[in-house]
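Heads up: the sequence lines are chains H and P, in that order.
Numbering-wise, this note's numbering puts 160 at position 160 of the first sequence, and it's gapless, one number per residue.
If you count the second sequence from 1, you need to add 1000 to reach this note's numbering.
This report refers to the structure that appears directly beneath it.
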Amino acid sequence: MTAWEVAATVVDPELPMLTLADLGVLREVEEDGGAVVVAITPTYSGCPAMATMRDDLVRRLQEEGYDDVQVRVALDPPWTTDWITPEGRRALAEHGISPPAVSTGATDRRGPVPIRLSPTRRAVSCPRCTSGDVALVSEFGSTACKAMYRCRACLEPFDHVKEI
Amino acid sequence: MTIHTHQPGEHESAYDGLLVNDAHWAFGTDFEDPLAGVDTTVPDGIDAAELASYCLALGDDALVLSHRLSEWCSRAPDLEEDIALANIALDLLGQARLLLARAAAADPSVVPTLPEGSPVPPEDALAFFRDDRAFRNVPLVELPNGDFAETVCRVLVFATHRLALFERLAAHPDAVLSAVAAKGVKELTYHRDFAGRWFVVLAGGTEESRRRLEAGLARVWAHRHELGVDAEADGVLAHVLATAGVAEPDVRPVVTDGGHTEHLGRMLAEMQSVARAHPRGLW
Ligand SMILES: [Zn+2]
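Right, dumping it as structure tokens:
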């Protein structure tokens, strides 16, 4: 396996149904002779999982014979939910987590970010029963990247990976 | 091959993957360079000491407000707001780490000297081994939290100003500062929305919620001048106040004379006590 193929099998510690490649935090894997340099990017500035990702990448690559592995941080361009692959979105939904909407490009406008004083409207459907009759509970959930929703049809709460 | 590794689809529960290796489950206890491998060369035409000083001031604001918000943990009005405030605190802590690390890389002389062999990296030396007089944060962020309404007002005013500033800093010639700012914009947008919505809700709630909101806003407003003059922030705050039907407070600015209030020293005494008791401690 190439170093990229190995690195691409490592999963996110907080969303273990997603590989780092599907989450879009795996930016680059450079192979130079026996040395490998992997670049990862944080989802949020305070992402507490960066060290775990690094350790998992190093361990996994060393198991496949890459002894000299370095993991560096890439801050630019910043991660957005658009980096999550279609496979990643499917995996989230299969595990009961509502995937983020794909950006239409409408958010790439210039000028100041407008404040939103009413709840964000999203076309979210319940990952359990597929009902679209859902209510936003909080924009902040169990991890930095998720909002909390409740399904009005089946009454189950669920997480939504919020668009950034 | 004796080491267990995570594989996609291998685990039924999100928690199984966390418990494979004891050394990994306690997130946040590792000392990690948030700028590992990032090119921190100061670009031509930028004064390294000035850049460090500026990043330190921005980082201290974020660190101190993050700590204040973390004091709400388990004390917020309900679980959702508890989690929201903790999330905002975590974002600000992440921004603080990047900014303090950027300051230290630009000008290592800002980092306090620690005993030989200390395992404490520069960002932590800055956070835990400076006295209150060396902190560059604005007094607004060090004041005690007050009640939930006052906290909402402070987050609103701070996030509004910081967001407007970071939008501009995203074009800063220092690539590290500009990347930190561009990332922070997305996070601060959620913080400002959270505070703005609660501001409107509390203003339109009961007589008591409105009374507390206006009292909290007056206390915060007296420190608003510390964040500087900013037309974009003025416009956003005027819009929020108008939507909520709240008049701009008529308060005299509190001047702290470039220094700090008595509250910062007390806050740091608690925040820094463990690190200072174990300057060579390894987690
Ligand atoms: Zn449902």
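Here a beta-carbon is modelled for each residue, glycine too, at the ideal position from N, C-alpha and C.
All of these numbers come straight from a predicted model, not from anything done at the bench.
Coil, strand or helix - residue i by DSSP
{"i": "Leu1143 (chain P)", "result": "coil"}
{"i": "Val11 (chain H)", "result": "strand"}
{"i": "Leu18 (chain H)", "result": "coil"}
{"i": "Arg1102 (chain P)", "result": "helix"}
{"i": "Leu26 (chain H)", "result": "strand"}
{"i": "Glu1167 (chain P)", "result": "helix"}
{"i": "Gln1150 (chain P)", "result": "Checking the displayed sequence, the identity of residue 1150 (chain P) turns out to be Glu instead of Gln. DSSP places Glu1150 (chain P) in helix when its eight states are reduced to three."}
{"i": "Glu1248 (chain P)", "result": "coil"}
{"i": "Trp1025 (chain P)", "result": "Below a pLDDT of 50, predicted positions are generally treated as unreliable, and Trp1025 (chain P), at 23, falls in that range; the measurement from the model is reported next regardless. Correct three-state label for Trp1025 (chain P): coil."}
{"i": "Glu1116 (chain P)", "result": "coil"}
{"i": "Arg59 (chain H)", "result": "helix"}
{"i": "Ser118 (chain H)", "result": "coil"}
{"i": "Phe1031 (chain P)", "result": "Confidence is the limiting factor: at Phe1031 (chain P) the pLDDT is only 45, short of 50, which leaves the residue's position unreliable, though a coordinate-based value still follows. Here Phe1031 (chain P) sits in coil by DSSP."}
{"i": "His1263 (chain P)", "result": "helix"}
{"i": "Met53 (chain H)", "result": "helix"}
{"i": "Ser1074 (chain P)", "result": "coil"}
CA-to-CA distance, residue j to residue i, given in whole angstroms
{"i": "Gly1205 (chain P)", "j": "Thr120 (chain H)", "result": "21 Å"}
{"i": "Val1111 (chain P)", "j": "Ala1127 (chain P)", "result": "10 Å"}
{"i": "Cys1073 (chain P)", "j": "Ala35 (chain H)", "result": "44 Å"}
{"i": "Ala962 (chain P)", "j": "Arg1068 (chain P)", "result": "Outside the displayed span of chain P (1001 to 1283) sits residue 962 (chain P), for which this structure offers no information."}
{"i": "Gly1059 (chain P)", "j": "Gly132 (chain H)", "result": "42 Å"}
{"i": "Trp79 (chain H)", "j": "Arg1252 (chain P)", "result": "42 Å"}
{"i": "Asp1230 (chain P)", "j": "Ser98 (chain H)", "result": "38 Å"}
{"i": "Asp1174 (chain P)", "j": "Pro77 (chain H)", "result": "14 Å"}
{"i": "Phe1166 (chain P)", "j": "Met1271 (chain P)", "result": "27 Å"}
{"i": "Leu1143 (chain P)", "j": "Pro42 (chain H)", "result": "31 Å"}
{"i": "Ala1275 (chain P)", "j": "Leu1090 (chain P)", "result": "19 Å"}
{"i": "Ala1218 (chain P)", "j": "Leu136 (chain H)", "result": "31 Å"}
{"i": "Ala3 (chain H)", "j": "Cys145 (chain H)", "result": "28 Å"}
{"i": "Arg72 (chain H)", "j": "Asp1033 (chain P)", "result": "10 Å"}
{"i": "Leu1093 (chain P)", "j": "Arg54 (chain H)", "result": "20 Å"}
{"i": "Asn1145 (chain P)", "j": "Glu63 (chain H)", "result": "49 Å"}
{"i": "Glu1150 (chain P)", "j": "Arg1212 (chain P)", "result": "7 Å"}
{"i": "Ala91 (chain H)", "j": "Leu18 (chain H)", "result": "7 Å"}
{"i": "Cys126 (chain H)", "j": "Cys151 (chain H)", "result": "6 Å"}
{"i": "Gly1117 (chain P)", "j": "Arg1280 (chain P)", "result": "8 Å"}
{"i": "Glu1262 (chain P)", "j": "Phe1129 (chain P)", "result": "18 Å"}
{"i": "Gly1122 (chain P)", "j": "Leu1114 (chain P)", "result": "Sequence inspection shows Pro at residue 1122 (chain P); the Gly mentioned does not correspond to that position. About 10 Å."}
{"i": "Ala49 (chain H)", "j": "Ser118 (chain H)", "result": "32 Å"}
{"i": "Arg1133 (chain P)", "j": "His1260 (chain P)", "result": "7 Å"}
Beta carbon proximity, residue i to chain P, threshold 8 Å
{"i": "Pro99 (chain H)", "result": "no"}
{"i": "Ala35 (chain H)", "result": "no"}
{"i": "Pro78 (chain H)", "result": "yes"}
{"i": "Met53 (chain H)", "result": "no"}
{"i": "Tyr44 (chain H)", "result": "yes"}
{"i": "Phe158 (chain H)", "result": "no"}
{"i": "Thr2 (chain H)", "result": "no"}
{"i": "Gly141 (chain H)", "result": "yes"}
{"i": "Ser138 (chain H)", "result": "yes"}
{"i": "Leu26 (chain H)", "result": "no"}
{"i": "Val47 (chain H)", "result": "This sequence places Cys at residue 47 (chain H); Val is not what is there. Taking Cβ atoms only, chain P reaches closer than 8 Å to Cys47 (chain H), which makes this a yes."}
{"i": "Pro86 (chain H)", "result": "no"}
{"i": "Pro127 (chain H)", "result": "no"}
Counterpart residues of residue i in DSSP-defined beta bridges
{"i": "Val69 (chain H)", "result": "H:Val36"}
{"i": "Asp1193 (chain P)", "result": "Asp1193 (chain P) pairs with nothing; no bridge assigned."}
{"i": "Tyr44 (chain H)", "result": "Its beta-bridge partners do not exist; DSSP assigns none."}
{"i": "His160 (chain H)", "result": "H:Ser98, H:Ala147"}
{"i": "Ser138 (chain H)", "result": "H:Met148"}
{"i": "Glu31 (chain H)", "result": "H:Val36"}
Proximity test, Cβ basis, 8 Å: residue i and chain H
{"i": "Gly1037 (chain P)", "result": "yes"}
{"i": "Ile1288 (chain P)", "result": "Summary: the structure shown does not reach residue 1288 (chain P), with chain P confined to residues 1001 through 1283, and so no result is reported for it."}
{"i": "Asp1091 (chain P)", "result": "yes"}
{"i": "Glu1363 (chain P)", "result": "With chain P running from 1001 to 1283 in the structure shown, residue 1363 (chain P) is simply not present."}
{"i": "His1024 (chain P)", "result": "Below a pLDDT of 50, predicted positions are generally treated as unreliable, and His1024 (chain P), at 29, falls in that range; the measurement from the model is reported next regardless. Yes, His1024 (chain P) counts as interfacial toward chain H."}
{"i": "Asn1137 (chain P)", "result": "no"}
{"i": "Gly1216 (chain P)", "result": "no"}
{"i": "Thr1113 (chain P)", "result": "no"}
{"i": "Asn1087 (chain P)", "result": "yes"}
{"i": "Gly1184 (chain P)", "result": "yes"}
{"i": "Val1064 (chain P)", "result": "no"}
{"i": "Val1141 (chain P)", "result": "no"}
{"i": "Leu1268 (chain P)", "result": "no"}
{"i": "Pro1034 (chain P)", "result": "yes"}
{"i": "Leu1163 (chain P)", "result": "yes"}
Distance cut-off 7 Å: residue i Cβ against heavy atoms of ligand 3
{"i": "Arg122 (chain H)", "result": "Annotation note on ligand 3: not contained in the displayed structure, which lists ligand 1 as its ligands."}
Going along the stretch 1186–1207 of chain P in order, which residues come within less than 9 Å of chain A, judged by CB to CB distance? Among the protein chains in the structure shown, which are H and P, there is no chain A.
With a cut-off of 8 Å, do at least 3 Cβ pairs link the stretch 1047–1061 of chain P to the stretch 1097–1110 of chain P? Cβ pair count under 8 Å is three or more, so yes.
Check whether the stretch 80–87 of chain H touches the stretch 49–68 of chain H, taking contact to mean three or more Cβ pairs, one atom from each stretch, closer than 8 Å. no
Counting pairs of Cβ atoms below 8 Å between the stretch 1181–1200 of chain P and the stretch 1237–1247 of chain P, do you hit three or more? yes
Is the number of C-beta pairs between the stretch 1104–1123 of chain P and the stretch 1043–1056 of chain P that are closer than 8 Å three or more? yes
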